[in-house]
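Residue numbers (the UniProt record's numbering): 1 to 224.
This is the structure:
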């Protein structure tokens, strides 16, 4: 089961107060403790590793708790180190249009703010066009996708139409991953992270450029 601590030991070793620990816990930033009674609980030793990372991301990088929650959901408690968190953020989340005050949305909040019906959101999820966290929470990137779908839907474009294009994107993502493994052989951890970041950023630029150029060429051909 591993070493466990009482609340006063957690606060003493991490430098934060009890209310902050409980707040982190309520947001899913920390794993659940072992409760032995209504007023007694033991907290896993990993709290001593996770809390300093959360504080660093908040105080040094000024990341909102919603982004930190998203990092934890994707990395996992056991691998949630400062190095891994920064790498994941800079590679996958930093390029997105994140709101500074953004936390996250539950299902009801997401339905209201996205202006979509619940069945439409479920349809996007079932078609693997929207990926909420395992705890049914939605982040700003999910909202961007929902808003984009809403705009396309107003022109009569359906989920099925988008799904056909998305299937090609999924295939492309796997091919990019295979390309990464081809060139990651023999690299150390830091070099692997730099390669991942470079491929994500530069290929996104190239693909965005190409789809724009191809659409321009098609438009030109149709109007000649």
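Think of the CB as a built atom: it goes at the ideal place given N, C-alpha and C, for glycine as much as any other residue.
Boundaries (first-last residue) of the beta strand (DSSP E) holding residue i
i          : result
residue 61 : Per DSSP, residue 61 belongs to no beta strand (DSSP E) and is neither H nor E.
N- and C-terminal bounds of the alpha helix (DSSP H) containing residue i
i           : result
residue 158 : From DSSP, residue 158 is part of no alpha helix (DSSP H); its letter is neither H nor E.
residue 207 : 189-222
residue 78  : Per DSSP, residue 78 belongs to no alpha helix (DSSP H) and is neither H nor E.
residue 92  : First-last for residue 92: undefined, no H or E at that position.
Sub-8 Å separation of residue i and residue j beta-carbons
i           : j           : result
residue 92  : residue 137 : no
residue 29  : residue 54  : yes
residue 31  : residue 77  : yes
residue 46  : residue 57  : no
residue 25  : residue 65  : no
residue 44  : residue 15  : no
residue 172 : residue 162 : no
residue 159 : residue 118 : no
Pairwise C-alpha distance: residue j and residue i
i           : j           : result
residue 35  : residue 165 : 48 Å
residue 84  : residue 13  : 22 Å
residue 71  : residue 62  : 14 Å
residue 179 : residue 87  : 19 Å
residue 132 : residue 224 : 45 Å
residue 157 : residue 42  : 52 Å
residue 142 : residue 130 : 7 Å
residue 111 : residue 123 : 13 Å
residue 120 : residue 40  : 43 Å
residue 188 : residue 181 : 13 Å
residue 82  : residue 17  : 21 Å
residue 7   : residue 205 : 48 Å
residue 74  : residue 215 : 34 Å
residue 125 : residue 155 : 21 Å
residue 217 : residue 167 : 23 Å
Same chain, Cβ closer than 6 Å to residue i, neighbours up to 5 away in sequence not counted
i           : result
residue 196 : 91
residue 115 : 150
residue 175 : none
residue 146 : 114, 116
Neighbourhood of residue i by C-beta, 7 Å cutoff - its chain only, sequence neighbours within 5 removed
i           : result
residue 184 : 192, 195
residue 198 : none
8 Å Cβ shell around residue i - same chain, five flanking residues per side excluded
i          : result
residue 11 : 17, 18, 21
Starting from the N-terminal side, write out each stretch of the alpha helix (DSSP H) that is 4 residues or longer and does not extend beyond the stretch 4-52. Counting only runs of 4 or more, we get 7-14, 18-26.
Any alpha helix (DSSP H) of 4 or more consecutive residues that is wholly inside the stretch 99-176: Counting only runs of 4 or more, we get 107-114, 118-126, 140-153.
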